[in-house]
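Take the sequence shown: its position 128, counting from 1, is numbered 131 in my numbering, and each next residue is one higher. All C-beta atoms in this analysis are idealised placements derived from N, C-alpha and C, irrespective of residue type, glycine included. All values derive from a computational prediction rather than experimental measurement.
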Amino acid sequence: MRYEVVVQPKGPGIAKAERRRQSAFTTLLDHVLDDEAALDALVFAYEELDASERTGLLLAVVQDAKQPLEPLAAFLSVERDPRLRRRIETLIGRHAKVERAAFLWGDAECGGAALQQSVEDAQPEALVLAWNQSELASLSVETRPDLSFFEAGDAMPLEEVVETVLPMLWRYIRSGRGLPEGIDRFAGFLSLGRPR
């Protein structure tokens, strides 16, 4: 004689459209805004899912979170799948305005630049470049709670800064030197420098 146990789910799956907003999942989403440990736990769970399950979690966050930007930004920081990264970026774009600013100091021979972007409810980040003798000497992505060392009054037109740094950046990339983690998040800036 064989015995089989059939387990029936007690409720709808996490990405079901008819789900009510009041649930343990929505309570977790409300906590991630104020509790770093809750956000870390959500990101850890996200990383353990396969691609289709991560897509379901993204949709559930957008549907259920009062403020989905922080969890979405956290998911973007760990997502490696290019298709899902684009999807998260699209979702963030729908729910928040990305603010961009560009800063330039020194001259063509020796100087630096910062391409800064921030999304509501996420820490601002900047791609910081420094050059000497018209060649990039350093390239880094910096994320800080306060990037105020770039004064808003000193901001320059984005296109002007991008046109200044793009040739040096391409030479840097072609030389085979390592790129910092997270540089892909600044691709939107670099498209400003493409020929029209």
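Burial state of T167 is buried, judged by a 10 Å Cβ sphere holding 16 or more other Cβ atoms.
The beta carbons of A40 and L31 sit no closer together than 9 Å. Counting of Cβ neighbours within 10 angstroms places P74 among the buried residues, the total reaching 16 or more. Here R103 carries a strand assignment [DSSP, helix/strand/coil]. The alpha carbon of L161 has as its nearest neighbour, out of P127, A116, D187, G181, the alpha carbon of A116. Residue burial is scored here from C-beta neighbours: R57 has at least 16 other C-beta atoms within 10 angstroms and is therefore classed as buried. For the pair R147 and E128, the CB atoms are nearer than the 9 Å cut-off. L107 is a Cβ neighbour of V164, given a cutoff of 9 Å.
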